[in-house]
Every structure is written in C-alpha cells, then in structure tokens.
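Protein sequence lines correspond, in order, to chains A and B. In terms of this note's numbering, the first sequence is residues 2 to 492. In terms of this note's numbering, the second sequence is residues 9 to 495.
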Amino acid sequence: MTDLHQLTIHEAQDMLRRGDISSVELTQSVLDRALAVDNDVRAYICLLPEEALAQAEAADRRRAAGDDTPLLGIPLAIKDVICIQGVTTTCGSRILENFVPPFDATIVARLRAAGAVFLGKTNTDEFAMGSSTEYSAFFTTGNPWDLERVPGGSSGGSAAAVVAGEALGAFGTDTGGSVRQPAAMCGVVGLKPTYGRVSRYGLVAHGSSLDQIGPLTRDVEDAAILLGSIAGHDRMDSTSLNVAVPDYVREMKTGDGLKGMRVGVPKEYFTEGIEPGVETAVRAALDLMADLGAELIEVSLPHTEYAIPIYYLIATAEASSNLARYDGVRYGLRVDAPDMWQTYYDTRQAGFGPEVKRRIMLGTYGLSAGYYDAYYLKAQQARTLLRRDFERVWEQVDVMACPTSPTTAFKIGQKVDDPLQMYLSDVFTVSLNLVGMCGISIPCGFSDGMPVGLQLMGPALGESIILRAAHAYEQATEWHKRRPNLTERMF
Amino acid sequence: MPYEPVIGMEVHVELNTASKMFCGCSAEAFGTPPNTHVCPVCLGMPGTLPVINEQAVRYTVMTGLALNCTVQEHNVFARKNYFYPDLPKGYQISQYELPLCQDGYLTIDVGDGHPTEAGQARRVRIRRVHLEEDTGKLTHVDGYSLIDFNRAGVPLMEIVSEADIRSAEEAYAYVTRLRQIVRYLGVSSGDMEKGAMRCEVNLSLRPVGSDEFGTKVEVKNLNSFRSVRNAIAYEIERQTRLLEAGKPVTQVTMGWDEAAGVTREQRSKEEAHDYRYFPEPDLPPLNLEPAWIEAVKGSLPELPDAKRDRFMANYGLSRYDADVLVEDRAVADYFERAVRVAGDTINPKLVANWVTGELFRRMNETATAITSVKIKPEDLVALIRMVKGGTINQPAAKETFGVMWETGRPPQEIVEERGLKQISDAGELAGVVAQVIADNPDPVAQFKAGKETIIRFLIGQVMKATRGKANPQLAEQLLREQLQSNE
C-alpha cells in the first residue's frame with residue numbers, strides 16, 4: 002500500500018468513506034512526513050500538529066455520526082497569506098510576524114464547513130511578491146526535486162508541500178502566476194481560477210484586481226475537487242462573481258476528453274527565451290494532445306510582449322496602496338521612535354524586505370501626479386488591448402496550450418539579485434491575471450531531472466473545459482505520478 | 009482698491025445610516041465608548057474587503073437630487089492615498105473622477121444674515137456631491153495619542169460648491185440651508201457641534217470688477233455656523249490688509265482658532281499631498297439603473313421652498329410665518345397635522361399663530377424640540393376650538409395650555425377639572441354685573457360722565473368676581489345694558 006501521505010485527495014476520500022482509514026491516521030501520517038522532511042524542504046512557516054489532529058478527530062466523529070461532507074478529514078496546507086482565525090498569518094513578512102487574524106478567510110470558512118483539516122501555513126515570498134520564495138523574510142523553501150533549487154513562487158511552500166508528501170493538497174494565491182509557476186517547478190497541478198470565481202475575503206491583498214486563490218494538488222481531479230469546495234459568490238467580496246458553481250469533477254469527466262477539442266497554440270509563447278528542455282517537453286505534450294484527438298490551431302496574442310510591463314505597473318500600483326495599512330498603529334510590527342512620522346518610517350523600514358520596498362516605490366511612482374497617465378492609465382488601456390487579444394482567440398479555440406514558465410526551477414540565489422530576470426519567470430502566466438481568465442499548470446515531463454509544466458488557458462469561467470483537457474492529457478501520461486526522493490530524518 | 013471675496017465651500021456630511029459605509033458596524037459614533045463599533049473591515053485588517061452600503065448611496069442621490077444635480081449612472085469609487093494614524097487602510101475610499109452627483113445648485117436667501125428673511129435670492133452652483141468614508145478620531149493627551157475608530161468608515165458625503173459665494177453672510181446662509189435640506193431629507197442630523205457636518209472654505213480676494221482669481225487660502229477647523237461666518241470675515245480682513253500693504257497672499261491651509269478669533273497657518277503648498285487617486289479595485293463600478301434613480305426621485309419629501317410656497321398658497325400664511333414654520337420639517341409636519349384635524353372649522357392662520365406664538369415660546373424657554381413636545385396637534389386644535397367657540401376665554405386658554413405643556417393631557421379634561429369654562433349665560437352673569445355696578449359707584453359715575461375707557465376696569469371687576477370665568481364680551485354687553493337702563 003502507498004504511504005497514506007502520498008494519497009491523492011480522491012483516493013483518501015474513498016478510503017475514509019470505506020472506513021479503511023481514519024482521518025487521524027491520515028493526518029498523523031502527513032504530519033510525520035512533514036516532520037521528517039521539512040527541515041530540508043522548509044515548506045511550512047508554521048505547522049499545526051495539535052490543531053490538525055484535533056480537527057482530524059472531530060472529522061472522524063462527524064463521519065461516525067453519518068456526516069460525509071466533501072473534504073471531511075482531508076489534511077490540507079494553506080499559504081501564509083490567507084487568514085485562519087487564531088493562527089499567525091505572516092505573509093512571509095517581518096511586519097506581520099506576530100499578526101493573528103481574528104477571522105477566517107471565506108475559503109477557510111468554506112473548507113472548515115466541508116470538514117478539511119488544516120496542517121499549517123506554507124512559505125511564500127513576502128506578500129506573495131516573488132517567483133522563488135527567496136523573498137520570504139524567514140527562509141527559502143527547497144525544491145523537493147533538488148533542494149539547491151527554488152520551488153518557484155510565490156506559492157512555493159504549498160507546491161513543495163504537496164509534492165513532498167507534506168500535505169494532500171494545498172492552497173496558493175496567483176497574482177501573476179504564483180500558483181501555476183511553482184506547480185510547474187515542483188511537478189504538481191496548479192489552477193488559477195477566473196477572477197471573481199473564488200472569494201478574496203481574508204486573502205491578504207497584493208494586487209487586488211489580479212489576485213485569485215487556487216489549489217495545488219497531485220492530480221487534476223483533486224484540483225477540481227478543491228476548486229469546487231472554495232468557489233462561489235461571497236457577499237463579503239464585491240468582486241466575486243454571482244454565478245452558480247458547477248460540479249467540476251463531473252463536468253471534467255463528461256464528454257470525449259480532448260477529442261475534437263480546439264487547442265490554440267499561441268505563437269508568442271514559444272519564443273527564444275524558452276529553455277530547450279522545456280520547449281521539448283511542451284511540444285511533446287502538444288503532439289500527445291493531437292494524438293488524443295485535439296485539433297491544434299496556431300493563434301496569436303499580439304500584445305503579449307507588453308504583458309510584463311503592464312503587470313508590473315498595475316500590480317505594483319495596487320500593492321503600494323494595499324500595503325499602506327502596515328503602519329505599526331493597530332497590529333503587526335511597530336518600531337517605536339520619538340515622533341509619529343519617524344515611527345512610520347522606522348516600522349516600514351524594518352518590517353518590509355527589499356522586493357516589497359522596490360514594488361511599493363515602483364507603484365507609488367506610477368500613480369504619482371504627472372506620471373499617472375503615462376504609467377497606470379496607459380497600462381490599464383494596454384490591459385484592455387490584451388483582453389481583446391484573448392477574446393478574439395476564444396472565437397477560434399476552446400483552450401490554449403503553452404509552457405507555464407520558460408525555465409525549470411533555477412538555483413537558489415541565481416536570480417535573487419536580478420529582479421528583471423526573476424520577473425520574466427512569469428512571462429507566460431501574467432497575461433491570464435491581467436485578462437481575468439483561468440488557467441491550469443500540469444506536469445508534462447522533465448528537463449535535466451526537473452519538472453516541466455504545461456499551461457492550459459481557458460476563457461472566463463472556463464474552468465470545466467481546462468480541467469477536462471488537463472484530465473484527458475493526464476489520463477494518458479504518468480508524469481504526475483512521479484515523486485522526488487527525499488531523505489526522511491527526524492530532528 | 010476695493011476687493012471682492014471669492015468663496016467656495018466643501019461641506020462634509022455624516023450620513024445617519026444604520027451601518028457604516030463598507031461594513032456592518034453601527035454607524036453611530038458620537039458619544040459611544042471608544043472602539044466599540046469596529047470590526048476587521050473598518051480597522052483595515054489584512055485581507056478584508058469593502059462592501060458598498062446601499063442606503064448611503066440612496067441618501068447621497070437624494071441629496072444630489074434635492075440640490076438639483078444630475079445623478080450619474082456610472083459611478084466609480086477611488087482610493088485617496090495618504091498616511092495618518094486615524095486612517096486605518098492608509099487610503100480613504102472616496103470618489104474622484106466619477107462622483108454620484110454633479111452640476112447642481114442651491115438657492116440661498118440673504119438678508120440680515122438670516123436665511124429665512126426674505127432677501128435677495130442667489131444661486132450657489134454645486135460642482136459635485138460624492139460619497140466616501142470618515143476617518144477615526146484622534147485625542148492627544150500627555151504626549152500620547154489615542155485613536156477611536158468608531159467613526160472610521162461612517163458614510164461621509166462631500167458637497168463641493170463652485171466659488172460662487174461672495175460674503176461671510178452668504179457662506180452662513182449656504183451652510184444653514186444645506187443643513188436644513190439634509191435634515192429635511194432625513195439623511196443626517198446636520199449637527200455641526202457633533203461633527204455630523206464639517207466645513208472647509210476656499211477663499212481668495214480680487215479687485216472688484218476683475219474676473220481673475222486671486223491666490224486661494226483654505227480654511228479648516230470650522231466647528232460651528234458661527235465660526236464659518238467669523239472665520240471668513242477674519243480671513244477677508246487679513247487678506248485685504250495684506251493686499252493693501254502690497255504684500256502677496258500665499259497659498260496655505262489655515263486653521264480657525266475659535267477662542268482667539270484668528271486663523272493660523274497649518275500647512276503650506278509645499279507640503280501638499282499627492283493623493284495618488286486610482287479606481288478602487290476592490291469595488292466594481294457602481295451602475296445605477298435609471299429606474300432606481302427615478303424611484304429615489306419619487307420618494308423625495310417636499311423640500312422647504314416648495315413647502316413654504318404651498319403653505320402660503322393653501323393656508324393663506326404670510327411669507328414670514330410660512331418660513332418660520334417650514335424651517336424645521338418636524339414643526340411643519342406638526343402644524344399640518346393640526347390643520348388637517350381642524351379641517352374647515354379653524355382658519356390655518358389661527359393654528360399658525362398658536363404654533364409660532366405660545367408653542368414656540370415654551371419650546372424656546374425650555375429648549376425643547378418639537379419631537380419632545382407633549383401636546384398632541386389634535387389637542388392643540390381642541391384648545392383653539394374651545395376658545396373660538398367661547399367655551400373658555402383667553403386667560404383660561406393660557407392656563408390650560410400651560411397644563412397641557414406640562415402633562416400632555418387633553419384640554420377638555422383640564423378645563424373641566426379646573427372649572428375654567430367661561431360663564432356665557434346672561435342670566436348667570438347679570439347678578440354679578442349688578443353687584444359690580446353697585447360696588448363701584450365712582451367708576452360708574454365716570455363712565456356716565458363719558459369716560460368710555462373705564463368700562464375696561466368694570467369688565468376686569470366682573471372677571472375678578474368670577475375668577476376669570478366670565479365671557480368678557482358678554483360681561484361688557486351686560487354692563488353697558490345695565491348702565492344704560494339705570495341711567
């Protein structure tokens with residue numbers, strides 16, 4: 002039998018329902034694994050063994066009483082930018098090192114109601130600003146396939162935890178690729194829902210018009226299960242969509258998979274910056290999709306070259322405003338100084354790391370009097386052009402396929418001092434956030450021993466169709482079943 | 009060279025909605041224990057999001073319509089970014105490019121500084137009416153600053169005028185008129201002393217006849233209607249002195265020091281904020297349906313001017329009486345209820361006399377609001393009816409009114425209990441009259457000698473003998489009859 006901590010969510014659901022295992026056994030197995038490998042992987046900022054086991058016991062009691070909510074007794078990890086009531090939520094930042102939210106994020110409340118067990122909070126680049134977890138104020142997470150490499154980011158902790166057996170599934174957040182890119186680099190599935198599909202209430206804001214919470218899982222079916230458990234309208238989030246949530250698992254399995262599906266291949270996403278090993282794996286995946294009956298159609302998204310500049314103007318502008326609340330007045334770090342303004346300066350100087358400061362400065366500049374029209378406003382106008390690119394393509398195809406990231410996981414330290422290189426790691430993912438549509442990254446091969454991700458992009462509220470395409474591809478491959486070799490050692 | 013002041017006003021009005029602008033906390037902030045009406049949203053905790061209060065939007069649209077504005081269908085909230093400890097999120101959710109209401113006007117009457125004096129009517133154009141959230145409140149004690157966030161997030165409506173105001177009196181008329189309107193609409197208490205209405209003035213001077221603008225000075229910290237008037241008068245004088253001495257006026261923000269009666273510099277232009285406004289990404293654009301706007305329009309109460317005109321036309325009231333009655337909507341309602349109860353039996357002017365006379369006198373003496381008055385309109389009418397029908401006379405009516413004021417009891421009961429019914433029966437009164445004539449030979453003689461006015465003394469004696477209950481007209485008639493018959 003597989004180790005319990007390596008089960009998929011749907012396998013664990015079946016076993017729990019049959020009574021083969023209890024949630025306590027399952028949770029204990031995952032916690033043991035986390036304790037055995039996390040000193041190397043460092044996926045978690047905080048692990049909650051006692052709370053998790055208590056929740057697992059409660060789940061077992063609920064099941065004994067006849068309850069069978071969808072995630073009853075399933076141990077999951079939460080990225081540390083999402084609030085769990087009573088649990089420190091640091092956002093990977095010194096400024097919130099001791100912040101304990103007095104409320105649950107909407108998705109946490111929904112997961113609780115569905116019976117989930119919360120294992121702990123996973124590492125992230127500070128305020129989800131980064132692509133490697135190297136900008137976490139606390140430590141860098143190791144990629145379980147090669148601990149000297151980054152896991153991707155900013156949801157690197159969640160991606161690493163899932164592939165390392167430290168959680169059955171996890172939640173991350175995706176502002177410019179922060180779920181999909183680490184999923185690709187760690188060899189797991191990562192889904193970014195349509196903007197508004199999932200409530201942002203309780204997700205600590207980075208770029209408000211871009212942020213979405215999404216699942217990181219071991220296969221596509223698990224992603225469908227987790228998405229279904231958190232999606233839906235929330236009156237606490239005015240940007241959440243009031244649209245019924247389909248049964249993603251059922252819709253994923255309905256129909257003929259990839260047969261007859263029109264798959265767009267955006268030519269701008271196969272450029273010179275791609276690592277050869279990544280391109281080879283993605284091209285092979287496209288061939289396989291064609292073999293499975295998909296019709297590959299070359300399409301064009303002509304404004305793609307502007308996506309990174311648009312993104313870094315809008316995301317930083319929103320971030321500069323969103324992060325203004327960290328002033329040491331009401332919660333979080335306060336560095337006392339002789340006067341009020343000095344307290345502000347000293348607190349923010351000590352509390353924020355270099356990348357966050359860089360983005361606050363960029364965003365403040367782009368919104369400043371005299372620069373607003375040239376930067377923020379221009380970026381919003383270009384964003385509209387980008388959206389029209391996508392809307393035109395959806396008239397021709399059902400989904401689009403491309404690499405998730407131009408490279409596999411890079412070495413820790415390799416790009417940390419070169420922000421522009423780091424930003425280019427998201428060159429294929431940021432567009433979807435800017436246009437508010439959905440995408441999924443699934444494992445599609447390896448390059449020099451490191452996982453490669455295939456990104457499938459879909460239109461607004463097209464989650465069912467990208468899941469169906471991803472599931473059909475996954476059924477024909479074994480990539481998602483590979484696991485890294487990690488040495489278990491107790492400290 | 010004579011100078012003309014050019015004044016624009018920004019008035020902030022706290023809306024009296026049940027809950028705050030973007031969360032479910034009670035919007036009642038004044039006088040509540042500090043930090044009791046707060047939640048993660050209005051404290052700006054990480055991860056929280058705003059949700060628009062529909063009632064606040066409705067109230068703002070009502071105000072805009074009352075100020076003759078165009079209500080915008082497409083509305084966008086914007087973030088105004090600045091740091092201050094009373095601003096939990098580091099930005100205020102406000103409106104910038106697309107406010108709810110634009111391009112209106114308010115008619116003010118100016119005479120003697122009293123808005124209801126029939127004077128020259130002037131139009132002050134309204135540039136915009138928009139909706140935002142209030143900040144918390146700072147209290148400075150012994151080197152510390154305490155913050156109360158009860159007020160943070162309370163809906164705040166900002167009314168911005170064009171620079172159409174030309175004097176301190178006009179500014180005073182403008183703000184008192186605005187208060188009257190928000191009170192009529194029921195959207196705010198309009199109490200300046202409780203901070204429910206706050207004014208900022210932009211003021212510059214220019215030579216009379218010029219159509220260019222001088223250097224603008226902003227005056228803040230105006231906490232009463234009186235301070236609005238005084239601060240403007242002071243600032244006009246200060247700037248005039250500067251200009252006459254050949255010195256330039258510098259662009260600054262001044263604060264009004266009420267105690268000292270002077271304005272003091274708070275902030276120079278160099279320190280002005282760059283608020284980095286941008287559309288609030290947490291709130292989708294607010295699109296108002298034309299039908300919804302029409303429905304709000306249809307639900308507007310009658311406004312003071314229209315009510316005054318109707319009172320004059322329907323009830324035959326003078327402009328002065330009508331103005332006095334409509335100044336407070338609750339008073340106008342009280343008056344109208346009484347008029348309705350009275351029907352055709354009593355002239356509305358008589359009702360108005362009682363309301364603006366005896367009732368206002370008592371209210372002023374005791375600082376009582378109309379809503380706390382114990383006398384029901386129908387009882388006031390009953391009292392007037394008793395006077396008119398001759399059941400009681402004027403002194404008895406005043407006595408009865410006094411008891412009604414104290415107790416709220418109906419007049420019939422009081423008159424009965426106190427035996428205040430006037431003696432209107434000639435048979436009953438004839439004996440008293442005869443006795444008074446017998447007891448007062450000198451005045452009687454004087455009357456007979458042609459001193460007509462002495463009759464008042466004799467009537468007084470009859471009243472005295474009946475302990476005020478005699479019908480004075482009847483007493484006079486009987487006196488004259490008996491004095492003539494025994495001539």
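The beta carbon of each residue, even a glycine, is placed where N, CA and C say it ideally should be.
Contacts around residue i, its chain only, beta-carbon distance under 6 Å, and the 5 residues preceding and following it disregarded
i                : result
Leu154 (chain B) : Thr147
Ser432 (chain B) : Gly398, Asn479 and Leu482
Ala126 (chain B) : Here Ala126 (chain B) scores only 47 on pLDDT, less than 50, and its place in the model is too uncertain to base an answer on.
Arg1 (chain A)   : Since the displayed chain A opens at 2 and closes at 492, residue 1 (chain A) lies outside it and no answer follows.
Leu462 (chain A) : Thr195
Met2 (chain A)   : Low confidence applies here, because Met2 (chain A) scores a pLDDT of 49, under 50, leaving its location unreliable; read the following figure in that light. Counting only Cβ-Cβ distances below 6 Å, and skipping sequence neighbours, we find nothing.
Leu294 (chain B) : Asn83
Val216 (chain B) : Pro10 and Glu12
Leu250 (chain B) : Val257
Lys416 (chain A) : Gln422 and Met423
Ile378 (chain B) : Ala338, Val339 and Tyr342
Test item: CB-CB of residue i and residue j under 8 Å
i                : j                : result
Val357 (chain A) : Glu127 (chain A) : yes
Gly161 (chain B) : Phe38 (chain B)  : no
Arg219 (chain A) : Val189 (chain A) : yes
Leu297 (chain A) : Ala477 (chain A) : no
Asp69 (chain A)  : Arg18 (chain A)  : yes
Ile462 (chain B) : Gln469 (chain B) : no
Leu204 (chain A) : Val31 (chain A)  : no
Pro107 (chain B) : Arg87 (chain B)  : no
Ala129 (chain A) : Val82 (chain A)  : yes
Gly233 (chain A) : Thr430 (chain A) : no
Ala291 (chain A) : Ser432 (chain A) : no
Ala74 (chain B)  : Ile189 (chain B) : yes
Endpoints, the beta strand (DSSP E) within which residue i is located
i                : result
Ala86 (chain B)  : Phe85 to Asn89
Glu12 (chain B)  : Tyr11 to Glu22
Gly215 (chain A) : Gln213 to Thr218
Gly468 (chain B) : Unbroken run through Gly468 (chain B) is the alpha helix (DSSP H), Ile463 to Ala473; no beta strand (DSSP E).
Lys382 (chain B) : Premise fails: Lys382 (chain B) is in no beta strand (DSSP E) and is neither H nor E.
Asp111 (chain B) : Cys109 to Val118
Gly101 (chain B) : In the sequence as displayed, the identity of residue 101 (chain B) is Ile instead of Gly. Counting along the chain, the beta strand (DSSP E) containing Ile101 (chain B) begins and ends at Tyr99 to Gln103.
Own chain, CB closer than 7 Å to residue i, minus 5 neighbours either side, in chain order
i                : result
Pro480 (chain B) : Asn401, Ile467 and Met471
Thr142 (chain A) : Val42, Arg43, Ala44, Asn124, Thr134, Pro152, Gly157, Gly158 and Ala161
Pro298 (chain B) : Glu81
Leu51 (chain B)  : Pro96 and Phe157
Trp362 (chain B) : Leu388 and Ile392
Cβ-based neighbour list, residue i, same chain, cut-off 8 Å, excluding 5 preceding and 5 following
i                : result
Leu325 (chain B) : Phe319, Leu333, Pro356, Lys357 and Ala360
Gly294 (chain A) : Asp257, Gly258, Leu259, Lys260, Gly261 and Met262
Tyr377 (chain A) : Leu314, Ile315, Ala318, Gly367 and Leu368
Continuous alpha helix (DSSP H) stretch holding residue i: start and end
i                : result
Cys187 (chain A) : Arg181 to Cys187
Leu433 (chain A) : Val431 to Val436
Ile413 (chain A) : Per DSSP, Ile413 (chain A) belongs to no alpha helix (DSSP H) and is neither H nor E.
Trp300 (chain B) : Pro298 to Ser307
Asp317 (chain B) : Pro312 to Tyr323
His148 (chain B) : Segment Lys145 to Val149 is the beta strand (DSSP E) holding His148 (chain B); no alpha helix (DSSP H) there.
Asp329 (chain B) : Arg327 to Val334
Those residues which DSSP pairs with residue i across a bridge
i                : result
Arg384 (chain A) : For Arg384 (chain A), which the question treats as bridged, DSSP gives no partner whatsoever.
Asn210 (chain B) : B:Gly16 and B:Glu226
Cys439 (chain A) : A:Gly459
Ile79 (chain A)  : A:Lys122 and A:Phe172
Cys47 (chain A)  : A:Lys122
Lys482 (chain A) : Bridge partners of Lys482 (chain A): none, in fact.
Asp199 (chain B) : Its beta-bridge partners do not exist; DSSP assigns none.
Lys193 (chain A) : A:Gly440
Decide if the region 161-174 of chain A is in contact with the region 299-319 of chain A; the criterion is three or more beta carbon pairs, one per stretch, under 8 Å apart.
-> Contact between the region 161-174 of chain A and the region 299-319 of chain A is absent, because fewer than three Cβ pairs lie under 8 Å.
Touching or not, the region 54-66 of chain B and the region 93-110 of chain A, by the rule of three or more beta carbon pairs under 8 Å?
-> yes
Can you find at least 3 beta carbon pairs, one from the region 268-286 of chain A and one from the region 440-460 of chain A, that sit closer than 8 Å?
-> yes
On the three-pair Cβ rule with 8 Å, is the region 318-328 of chain A touching the region 88-103 of chain B?
-> Flag = yes, the region 318-328 of chain A and the region 88-103 of chain B touch.
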